[in-house]
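J.: Under our numbering, think of the first position of the sequence shown as 7, with each following residue one higher.
Pasting a structure here, questions to come.
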Amino acid sequence: MQPTPSPLTPTSSRVRAAAGLGRRSARRRSGHYLVEGPQCVRELLVWEPERAQDVFLTAEFLAGAPEFGDLLAGTPVHAHLVADEVVRTVADAQTPAGIVAVARWQPPPLVEALGRVGEKGFGVVLSEVRDPGNLGTVIRAADAAGAACVVVTDSSVDVTNPKVVRSTAGSLHHLPVATGVPFAELLAAARAAEHPQRLLAADGYADTLLPAAELAGPHLWVMGNEARGLDPVERDACDLRVAVPLYGRAESLNLGTAAAVCLYASAMDPGRR
7 MQPTPSPLTP
17 TSSRVRAAAG
27 LGRRSARRRS
37 GHYLVEGPQC
47 VRELLVWEPE
57 RAQDVFLTAE
67 FLAGAPEFGD
77 LLAGTPVHAH
87 LVADEVVRTV
97 ADAQTPAGIV
107 AVARWQPPPL
117 VEALGRVGEK
127 GFGVVLSEVR
137 DPGNLGTVIR
147 AADAAGAACV
157 VVTDSSVDVT
167 NPKVVRSTAG
177 SLHHLPVATG
187 VPFAELLAAA
197 RAAEHPQRLL
207 AADGYADTLL
217 PAAELAGPHL
227 WVMGNEARGL
237 DPVERDACDL
247 RVAVPLYGRA
257 ESLNLGTAAA
267 VCLYASAMDP
277 GRR
């Protein structure tokens, strides 16, 4: 729907309910989450408009980005043209960019997400990843590298955390992201897939270096905790441990960088072309 001037105020029940989605308990109870900023909201409206419920935006924002009027006109979403203070009330970010949406959270079943990997695809698993920015960055890298799916275990940060959503820069709406998955369930599903998927543990102490790793068949990169790496039990359950070589003096790579390197190695493997 086209944005129309709205009488909503920071104390309106609709606004208070949206603002509450900064809390995990409210997101779980309602099944909704916040999507903030022009890039993230645009990707929501273009790729998954059926998820969008409400969009709050200011007249100043719409004047500078009139294409959002056309985007919203083609969806059933409730578009509210509101005062700056309403957007600030709803948004989790310290400096909101004039637009924020409320969307329904509908993650795919694990089997459906893994089914996207097919005969030659690849994906990434995030286990015990606790930093929202890191998790969002890896989802974005997976999207950019052409990964088939992302799987987030039940020991990781909530994917609908507003900082995670912002960090994906819209990629959350581009590829299937299965969430809350126990590692044992993931392992069984990967083995039982139509095209069984190997699990490759990213491990800085592994003997196999990334340039020597076999990446042609269907596989899932498994990335662990930012500080401790993968749980030893999960690491040992993987089919292969792979290290990203460090050619300079850096002691290590951060999670987002290591994941991006591994994912692009899979994307560029000659056996995938």
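By construction, the Cβ of each residue, glycine as well, lies at the ideal position given by its N, Cα and C atoms.
#1: Please report how far the alpha carbon of L110 lies from the alpha carbon of A153, in whole angstroms.
#2: Report the start-end ranges of each alpha helix (DSSP H) in the segment 240 to 274 that is 4 residues or longer and not cut off at the edges.
#3: Pick from W53, S162, G235, D137: whose alpha carbon is nearest that of A184?
#4: Taking the alpha-carbon positions, what's the V96 to A24 distance?
#5: Kindly list the residues whose CB is nearer than 7 Å to the CB of A58, restricted to its own chain and excluding five residues on each side of it in sequence; keep chain order.
#6: By the three-class DSSP mapping on this structure, what secondary structure does E118 have?
#7: Going residue by residue through the segment 115 to 177, where are the continuous alpha helix (DSSP H) segments of at least 4 residues, counting only ones entirely within it?
#8: Please confirm whether V158 and A208 have their CB atoms less than 8 Å apart.
#9: Go ahead and label R29 buried or exposed: buried means 16 or more other beta carbons lie within 10 angstroms of its beta carbon, across all protein chains shown.
#10: Evaluate contact between the segment 197 to 204 and the segment 169 to 177, counting only Cβ atoms and requiring at least three cross-stretch pairs below 8 Å.
#11: In its own chain, which residues sit with a C-beta less than 6 Å from the C-beta of V47, not counting the 5 before and 5 after it?
#12: Please work out which residues of its chain come closer than 7 Å, Cβ to Cβ, to P44, disregarding the five sequence neighbours upstream and downstream, and give them in chain order.
#13: Please classify G280: is it buried, with 16 or more other beta-carbons within 10 angstroms of its beta-carbon, or exposed?
#14: Is the segment 138 to 149 touching the segment 210 to 220 in the sense that three or more CB pairs, one from each, lie closer than 8 Å?
#15: By a C-beta neighbour count over all protein chains shown, 10 Å radius and 16 as the cutoff for buried, is D149 buried or exposed?
#16: Kindly indicate which three-state DSSP category R293 falls into: helix, strand or coil?
#17: Using the C-alpha atoms, what's the distance from A273 back to P337?
#18: Enumerated in chain order, which unbroken segments of the beta strand (DSSP E) with a length of 3 residues or greater are wholly contained in the segment 20 to 106?
#19: Can you name the residues that DSSP bridges to G235?
#20: Tell me which residues share the same chain as A266 and place their Cβ nearer than 6 Å to its Cβ, disregarding the 5 neighbours each side in the sequence.
#21: How about the segment 123 to 138 and the segment 255 to 271: do they share at least three Cβ pairs that are nearer than 8 Å?
#22: Rounded to whole angstroms, how far is the Cβ of V92 from the Cβ of P13, which I believe are closer than 8 Å?
#23: If we count the other Cβ atoms within 10 Å of its Cβ and call it buried at 16 or more, is V239 buried or exposed?
#24: Does the distance from the C-beta atom of M229 to that of L261 stay below 8 Å?
#25: For L215, collect the residues of the same chain with a Cβ closer than 6 Å to its Cβ; drop the 5 residues on either side in sequence, then sort them by chain order.
#26: Return the first residue and the last residue of the alpha helix (DSSP H) that A184 is part of.
#27: Leaving out five residues before and five after D164 in sequence, what residues of the same chain have Cβ atoms less than 6 Å from its Cβ?
T.: Reading off the structure:
#1: Reading off the sequence shown, one finds Arg at residue 110, where the question assumed Leu. Taking the straight line joining both Cα atoms gives about 23 Å.
#2: Scanning the segment 240 to 274 for uninterrupted alpha helix (DSSP H) segments of 4 residues or longer gives 261 to 273, listed from N- to C-terminal end.
#3: Nearest in C-alpha terms to A184, of all of W53, S162, G235, D137, is S162.
#4: Between V96 and A24, the C-alpha separation is close to 6 Å.
#5: Excluding sequence neighbours, A58 sits near L50, L51, T81, V83, A107, A109.
#6: In this structure, DSSP gives E118 a helical state, which the three-state scheme calls helix.
#7: DSSP runs (the alpha helix (DSSP H)) wholly in the segment 115 to 177: 116 to 121, 138 to 151, 168 to 173.
#8: Not in contact: V158 and A208 (Cβ atoms no closer than 8 Å).
#9: Around the beta carbon of R29, a 10 Å sphere encloses fewer than 16 other beta carbons of the protein chains shown; the residue is thus reported as exposed.
#10: No contact exists between the segment 197 to 204 and the segment 169 to 177.
#11: Excluding sequence positions up to five before and after V47, its CB lies within less than 6 Å of the CB of V41, I105, A107, all in the same chain and listed in chain order.
#12: Here the set comprises A71, A103, I105.
#13: Within the shown structure, residues of the chain are numbered from 7 to 279, placing residue 280 beyond reach of any answer.
#14: Touching, no, given that fewer than three Cβ pairs across the two stretches are closer than 8 Å.
#15: Looking at its Cβ environment, which holds 16 or more other Cβ atoms inside 10 Å, D149 is buried.
#16: Summary: the structure shown does not reach residue 293, with the chain confined to residues 7 through 279, and so no result is reported for it.
#17: Nothing about residue 337 can be reported from this structure: the residues present for the chain run from 7 to 279 only.
#18: Fully enclosed beta strand (DSSP E) runs of no fewer than 3 residues occupy 38 to 42, 58 to 64, 84 to 88 of the segment 20 to 106, in order along the chain.
#19: According to DSSP, which records beta bridges pairwise, G235 is partnered with N231.
#20: These residues qualify, in order along the chain: A147.
#21: By the Cβ test, the segment 123 to 138 is in contact with the segment 255 to 271, since at least three Cβ pairs between them sit closer than 8 Å.
#22: About 10 Å separates the two Cβ atoms, so there is no contact after all.
#23: A residue is called buried when at least 16 other Cβ atoms come within 10 angstroms of its Cβ; V239 does not meet this threshold and is exposed.
#24: The answer is yes: Cβ separation under 8 Å.
#25: So the qualifying residues of the chain are A249, P251.
#26: First-last for A184: 183 to 187, but that is the beta strand (DSSP E), not the alpha helix (DSSP H).
#27: So the list reads R30, once near-sequence residues are dropped.
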